[in-house]
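Just so you know, we're using this note's numbering here: the sequence shown kicks off at -16 and counts up by one.
Quick reminder that beta carbons are idealized off the backbone N, C-alpha and C, glycines included.
Contents: one structure, followed by commentary.
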Amino acid sequence: MPEAVLFDLDGTLADTAPDLGAALNRVRQDYNLPPLPLATLRPHTSQGGRGLLRVGMGVTPQDDSYVELYRRFIQHYEERLCHHTTLFPGMAELLAQLEQRRIPWGVVTNKSERLTHPLLQQMDLAHRCACIVCGDSTPNPKPAPDPLLLAAQLLGLPTQNCCYLGDDLRDIQAGNACAMMTIGVRWGYLGTEHPPETWGADHLIDHPDEVSPLLRPAR
């Protein structure tokens, strides 16, 4: 049974969509465009700036305007990184349970180090993480297994002794690729193309309180 728990950040550990969506809408405001509802933006939040700029500005990294739009997006996001971001309901209780049971937990995200560390610090979580692996911590981000392999190495555990929670197909692909127990969470952003039932996760859950029964007994 897993001895450590790793979390995706956006859409799994924390609801970052309000601040990311606000940054996208400030980009739209820069171009005299009206704001988009958060409900429209939320499903694309796990894909970060790339996904939000695609739905919000109609551009992809192949477009000439993408670099400038992405620069503006990151600038706006950094200015208000943690104004409305919160842990998902039940997550604070889960983290407290893990710590009480002496089960280490960490974060593995495709978010850059430049954004991840300040965000976790502002949420007062950074000092509690046993490891933090970001999108630029390894040459290949998720869905490659590299970030999860690094996290297991930092924890000093075999990958099969860890589990990984995520709200996106890429999370499950990365975990499955390194023999880690994978847990798909239905409370996250989930994307728009692949329903969670098709991800191939070992478990699908609806609330953080479903995690503890999947772990090793308390010491």
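DSSP beta-bridge partners of residue i
i, result
"Val91", "Val116"
"Asp(-13)", "Checking the displayed sequence, the identity of residue -13 turns out to be Ala instead of Asp. In DSSP, Ala(-13) forms a bridge with Cys145."
"Ala(-3)", "Asp(-7) and Leu70"
Option in the options with minimal Cα separation from residue i
i, options, result
"Leu140", "Asp192, Cys161, Pro126 and Arg11", "Cys161"
"Pro17", "Pro26, Arg25 and Leu7", "Leu7"
"Leu204", "Asp46, Val38 and Arg84", "Nothing can be reported for residue 204, as the shown portion of the chain is limited to -16 through 202."
"His116", "Asn93, Leu64 and Arg153", "Rather than His, the amino acid found at residue 116 in this sequence is Val. Ranking Asn93, Leu64 and Arg153 by Cα distance to Val116 puts Asn93 first."
"Pro(-15)", "Gln136, Gly167 and Asn144", "Asn144"
"Pro1", "Lys125, Glu180, Tyr60 and Leu187", "Tyr60"
"Phe(-10)", "Ala75, Asn15, Cys146 and Gln45", "Cys146"
"Asp107", "Asp119, Ala75 and Pro26", "Ala75"
"Leu102", "Glu82, Asp119 and Glu62", "Glu62"
"Ser48", "Tyr14, Glu180, Ala22 and Leu81", "Tyr14"
Check whether residue i and residue j have beta carbons under 8 Å apart
i, j, result
"Gly4", "Ser29", "no"
"Phe71", "Asp(-2)", "yes"
"Leu(-8)", "Thr165", "no"
"Leu52", "Val10", "yes"
"Leu133", "Thr121", "yes"
"Ala113", "Leu78", "no"
"Thr191", "Gly89", "Sequence inspection shows Pro at residue 191; the Thr mentioned does not correspond to that position. No, the pair does not count as a contact, with Cβ atoms beyond the cut-off."
"Ala(-13)", "Pro87", "yes"
"Leu19", "His27", "no"
Secondary structure, alpha helix (DSSP H): runs of 4+ residues fully inside the region 140 to 193
If you keep only unbroken alpha helix (DSSP H) runs of at least 4 residues inside the region 140 to 193, you get 152 to 160.
For the region 126 to 134 against the region 63 to 82, are there 3 or more C-beta pairs whose distance is under 8 Å?
Not touching, per the Cβ criterion.
Decide yes or no for the touch test of the region 165 to 176 against the region 145 to 153: beta carbon pairs closer than 8 Å, at least 3 of them.
Note that the region 165 to 176 touches the region 145 to 153; at least 3 beta-carbon pairs, one per stretch, sit closer than 8 Å.
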